[in-house]
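Peer 1: Residue numbers (this note's numbering), protein chains in the order written: chain E, 733 to 1158; chain L, 1227 to 1504. The beta carbon of each residue, even a glycine, is placed where N, CA and C say it ideally should be. I'd like to ask you about the structure that follows.
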């Protein structure tokens, strides 16, 4: 290569390296995409499925809402996924959704009005309501919200007057006005979508237009799956680390402690799903999950049933859930103190949790279970809580037993052979 | 030889198996490895207990499962190495030719060698189970896996490792070649399994294009290699046992038995093709 060409190549390389790739504007293309509010075992997750995601995953047992739209889609290389540009194009497609299995039509689904209801806020469980219920629940929610807005307006007026009086009198016997509490329930505005509730299986779905023809590009696979195992899990809260609790999801798990201690337990319904299917349920473009792994999904804590605590050697007793308040230890030493207390303090701020308190005896083993009736414990709610040994020293000795036996045999043989040799010589 | 009935063939296999088993047990190495596996397991158990002491609380499903798998892997390695030396050594020293003057055919030779080593491996397995039962009793860590299915999985794994070693031994002309081939095979199986696990845990955005391609290729290769790898069968069957999926366990166990049978057939074919001289 001549020096001139080499210089040109070097300049080109420097230019290419310095040119920021991220500044490139991504190419967008119009696509028919599926959007869904999928039930994820606890609540509803928003799902986006472009043409690149050929399969949509749903859970059995609860309805999910699916919509078909046309939008501009672009590839975002940083996360390696296709994303929608709703601002550029957001066209809802009408028709009915045909669910088939092979050549058999399973169901033709028309659009229905639906709304998502979150009784304990967005962080809690959600439910999907349809048709009139969607309208009624949303109207109720709006009425509640309006009532709250009026109440909070009144509160601020009262509070201003209270502060004014306090400023004038310096010392006032008057009680500070109480701030109204916002209702936890949230309801999404009613919208139209195809509400799907199918048993476990592999299906195909296609959008059928008003002329009865399949809309080109709307064919997708639909995989409905269920949990491998389900049961009752426990959030285990040790007093020293109440901000960092542990979870026991399966009955086959054992809770190990190191000695005499107290644990706080919060039971909740739990389900075990295939990691790949569950990840694709939430994001059909997911490439991270593995098919060979399993994931536990925890539901909302349920402390309505009494807990039976039984020692293997001692008797049994029943424990009811109670509210506890957490206080930091005074002074420079770090640590917490957990006391029985109503969960809501006078100012309405939650500073604690509700749980079952279980005392673990030193060197003991206890079994816990939730009582579904007076005499029967709920299945899969049993757990063993065991105080484990501190040291593993003796097992090293036991591991060496085959080696010791072999050494013993060798020594015996040598001694025997030595004796035989001596007797032969003699 | 081909026209012989089943009974004399069986008795020939049993005689060879007894001799093979006696030879394994009379050597010192089997005792070293039967202690080595539990010693490694004891080390892992100690780290579990130390971690529990540090945290004050731990939740385990089968705390002794991984130490047990580790122990089984150690035993599996030993028996695979042992099996890989058997036919290759005899071929190299010329004593394989002597065996062919006896009323033994290729199938009986392969079955006898595998069965003998498998008997010794089962004794080692029984000791390992005893060790874990005692460990469970001393540490209070649960070991619910010593039920029949666990015994079956581990036995199948050990037999599969022995069959793999015997197959490599019947292919190789020299002892050194056999051991090198076995080492490469085992490293390839384990390396693939480890790379699939490692790359699978990384998020797509953490991986560059070559790594993504490598991950997809490793997944694809792992599916194929999983059919012949005894390690895959061991981990899959123990996973199925933990998950309580009897169907998956049954399919995995059947797959492992099929793998053993295929390796025995491959041994016979290799012995026929390779012959008795190096």
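So residue 1056 of chain E is in the beta strand (DSSP E); what residue range does that whole segment cover?
Peer 2: Here residue 1056 of chain E refers to the residue found at position 324 when the first chain is read from its first residue. Unbroken beta strand (DSSP E) run through residue 1056 of chain E: 1054-1060.
Peer 1: Give the residues from the segment 971-991 of chain E that approach chain L closer than 8 Å (Cβ to any Cβ), ordered along the chain.
Peer 2: Those residues of the segment 971-991 of chain E placed with their C-beta closer than 8 Å to a C-beta in chain L are 972, 973, 978, 979, 980, 982, 984, 985, 986, 987, 988, 989 and 990, ordered along the chain.
Peer 1: Whose Cβ in chain E lies nearer than 9 Å to the Cβ of residue 1258 of chain L?
Peer 2: One-based indexing of the second chain puts residue 1258 of chain L at position 32. Result: 1134, 1135 and 1138.
Peer 1: Which chain E residues are close to residue 1261 of chain L, counting only those with a beta carbon under 9 Å from its beta carbon?
Peer 2: Within the second chain, numbered from 1, the residue matching residue 1261 of chain L stands at position 35. Under the 9 Å cutoff, chain E gives 1131, 1132, 1133, 1134, 1135, 1136 and 1138.
Peer 1: Checking contacts by CB at 8 Å: is residue 1121 of chain E closer than that to chain L?
Peer 2: Translated into positions along the first chain, residue 1121 of chain E becomes position 389. Answer yes: the Cβ-Cβ gap between residue 1121 of chain E and chain L drops below 8 Å somewhere.
Peer 1: Please list the partners that residue 1128 of chain E has in chain L, where partner means a Cβ-to-Cβ separation under 7 Å.
Peer 2: As a working note, residue 1128 of chain E is residue 396 in the first chain. Ordered by position in chain L, the residues that pass the 7 Å Cβ test against residue 1128 of chain E are 1265 and 1268.
Peer 1: Any beta carbon of chain E sitting closer than 8 Å to that of residue 1368 of chain L?
Peer 2: Numbered from its first residue, the second chain carries residue 1368 of chain L at position 142. Yes - at least one Cβ of chain E is within 8 Å of the one on residue 1368 of chain L.
Peer 1: Looking at residue 795 of chain E: is its Cβ nearer than 8 Å to the Cβ of residue 870 of chain E?
Peer 2: As a first step, residue 795 of chain E is located in the first chain; it is residue number 63 there, counting from the start. As a first step, residue 870 of chain E is located in the first chain; it is residue number 138 there, counting from the start. No.
Peer 1: Counting only the same chain and skipping the five closest in sequence on each side, list residues whose C-beta sits under 8 Å from that of residue 990 of chain E.
Peer 2: By 1-based counting over the first chain, the position of residue 990 of chain E is 258. Contacts found: 1119, 1120 and 1122.
Peer 1: If you measure beta-carbon to beta-carbon, which residues of the segment 1277-1292 of chain L are closer than 7 Å to chain E?
Peer 2: 1278, 1279, 1282, 1283, 1284, 1285, 1286 and 1287
Peer 1: At 3 residues or longer, what runs of the beta strand (DSSP E) sit wholly inside the segment 916-979 of chain E?
Peer 2: 923-928, 933-940, 952-957 and 961-969
Peer 1: Tell me whether residue 1262 of chain L is buried or exposed, calling it buried when 16 or more other Cβ atoms sit within 10 Å of its Cβ.
Peer 2: Within the second chain, numbered from 1, the residue matching residue 1262 of chain L stands at position 36. Flag for residue 1262 of chain L reads buried.
Peer 1: Run the CB neighbour count on residue 830 of chain E, radius 10 Å, all protein chains shown included, and call it buried at 16 or more, exposed below.
Peer 2: As a first step, residue 830 of chain E is located in the first chain; it is residue number 98 there, counting from the start. Burial call: buried.
Peer 1: Mind pulling the chain L residues with CB within less than 9 Å of residue 947 of chain E?
Peer 2: Taking the first residue of the first chain as position 1, residue 947 of chain E is located at position 215. Going along chain L, no residue has its Cβ under 9 Å from residue 947 of chain E, so there is no contact; the nearest lies around 31 Å.
Peer 1: Pull up the DSSP beta-bridge partners for residue 839 of chain E, would you.
Peer 2: By one-based count along the first chain, residue 839 of chain E stands at place 107. Bridge partners of residue 839 of chain E: E:831.
Peer 1: Tell me the DSSP bridge mates of residue 1142 of chain E?
Peer 2: For the purposes of this step, residue 1142 of chain E is taken as the residue at position 410 of the first chain. Paired residue(s): none; residue 1142 of chain E is not in a bridge.
Peer 1: Count the other CB atoms, across all protein chains shown, that sit within 10 Å of the CB of residue 1080 of chain E; report buried if there are 16 or more and exposed otherwise.
Peer 2: The residue given as residue 1080 of chain E occupies position 348 in the first chain. Note that residue 1080 of chain E has pLDDT 48, beneath the 50 cutoff, so the model's placement of it is unreliable and no number is given.
Peer 1: Among L:1367, L:1481 and L:1236, which residue has its Cα nearest to the Cα of residue 1274 of chain L?
Peer 2: Taking the second chain and counting its residues from 1, the one referred to as residue 1274 of chain L is at position 48. If we check each option's Cα against that of residue 1274 of chain L, L:1367 comes out closest.
Peer 1: Taking Cβ to Cβ, would you say residue 1098 of chain E is nearer than 8 Å to residue 1041 of chain E?
Peer 2: Residue 1098 of chain E sits at position 366 when you count from the first residue of the first chain. Residue 1041 of chain E sits at position 309 when you count from the first residue of the first chain. Yes, Cβ-Cβ distance for residue 1098 of chain E and residue 1041 of chain E is below 8 Å.
Peer 1: Could you say if the segment 911-926 of chain E and the segment 846-861 of chain E meet the contact criterion of at least three C-beta pairs nearer than 8 Å?
Peer 2: Between the segment 911-926 of chain E and the segment 846-861 of chain E, the count of C-beta pairs closer than 8 Å reaches three or more; the two stretches touch.
Peer 1: Closer than 8 Å is the cut-off here; do at least three beta carbon pairs connect the segment 1288-1295 of chain L with the segment 1233-1240 of chain L?
Peer 2: no
Peer 1: Do residue 801 of chain E and residue 767 of chain E count as a contact pair if the criterion is CB distance below 8 Å?
Peer 2: Walking along the first chain from the start, residue 767 of chain E turns up at place 35. Walking along the first chain from the start, residue 801 of chain E turns up at place 69. A contact, by the Cβ cut-off of 8 Å.
Peer 1: Tell me the rounded alpha-carbon separation between residue 1064 of chain E and residue 972 of chain E.
Peer 2: Residue mapping note: residue 1064 of chain E aligns to position 332 of the first chain, counting from 1. Residue mapping note: residue 972 of chain E aligns to position 240 of the first chain, counting from 1. Going from the Cα of residue 1064 of chain E to the Cα of residue 972 of chain E covers about 16 Å.
Peer 1: Assuming residue 692 of chain E is part of the beta strand (DSSP E), what are its boundary residues?
Peer 2: Only positions 733 to 1158 of chain E appear in this structure, which leaves residue 692 of chain E out of reach.
Peer 1: Below 8 Å between beta carbons: does that hold for residue 1128 of chain E and residue 1268 of chain L?
Peer 2: Counting from 1 along the first chain, the entry for residue 1128 of chain E is found at position 396. Counting from 1 along the second chain, the entry for residue 1268 of chain L is found at position 42. Yes.
Peer 1: CB of residue 1291 of chain L to nearest heavy atom of the ligand FMN: below 7 Å?
Peer 2: The ligand FMN is absent from the structure shown, which contains no ligand whatsoever.
Peer 1: What residues in its chain sit with their C-beta under 6 Å from that of residue 752 of chain E, if we drop five residues either side in the sequence?
Peer 2: Locating residue 752 of chain E in the first chain gives position 20, counting from the first residue. Here the model assigns residue 752 of chain E a pLDDT of 46, short of 50, so the residue's position is not dependable, and the following value carries that caveat. Excluding positions up to five away in sequence, the list is empty.
Peer 1: Just to make sure I have the definition right: I need the residues of chain L whose C-beta is within less than 7 Å of the C-beta of residue 1124 of chain E. Which are they?
Peer 2: On the first chain, residue 1124 of chain E is found 392 positions in, with the first residue counted as 1. Correct list: 1268, 1271, 1272, 1275 and 1365.
Peer 1: Taking Cβ positions, are residue 1001 of chain E and residue 966 of chain E nearer each other than 8 Å?
Peer 2: For the purposes of this step, residue 1001 of chain E is identified with residue 269 of the first chain, where counting begins at 1. For the purposes of this step, residue 966 of chain E is identified with residue 234 of the first chain, where counting begins at 1. In this structure, residue 966 of chain E does not lie closer than 8 Å to residue 1001 of chain E by Cβ.
Peer 1: DSSP state of residue 1253 of chain L, grouped into three classes?
Peer 2: Reading the second chain from its first residue, position 27 is the one you call residue 1253 of chain L. Looking at residue 1253 of chain L - three-state DSSP - the assignment turns out to be coil, as it is neither helix nor strand.
Peer 1: Beta-carbon within less than 6 Å of residue 1455 of chain L's beta-carbon, same chain only, minus the 5 sequence neighbours each way: which residues are those?
Peer 2: Your numbering for residue 1455 of chain L matches position 229 in the second chain. So the list reads 1415, once near-sequence residues are dropped.
Peer 1: Could you tell me the alpha carbon to alpha carbon distance between residue 1037 of chain E and residue 1282 of chain L, rounded to whole angstroms?
Peer 2: The residue you call residue 1037 of chain E lines up with position 305 of the first chain. The residue you call residue 1282 of chain L lines up with position 56 of the second chain. C-alpha separation (whole angstroms): 28 Å.
Peer 1: Assess, as a yes-or-no matter, whether the segment 1333-1341 of chain L is touched by the segment 1489-1496 of chain L under the definition of 3 or more beta carbon pairs within less than 8 Å.
Peer 2: The segment 1489-1496 of chain L is in contact with the segment 1333-1341 of chain L.
Peer 1: Strictly below 9 Å CB to CB, what residues from chain L border residue 968 of chain E?
Peer 2: Residue mapping note: residue 968 of chain E aligns to position 236 of the first chain, counting from 1. Those within 9 Å of residue 968 of chain E in chain L are 1283 and 1285.
Peer 1: Roughly how many whole angstroms lie between the Cα atoms of residue 1326 of chain L and residue 1497 of chain L?
Peer 2: Counting from 1 along the second chain, the entry for residue 1326 of chain L is found at position 100. Counting from 1 along the second chain, the entry for residue 1497 of chain L is found at position 271. Distance between the alpha carbons of residue 1326 of chain L and residue 1497 of chain L is about 11 Å.
Peer 1: When the Cα of residue 860 of chain E is compared with those of E:812, E:776 and E:815, which residue comes out closest?
Peer 2: In the first chain, the residue the question calls residue 860 of chain E occupies position 128. Closest by alpha carbon: E:776.
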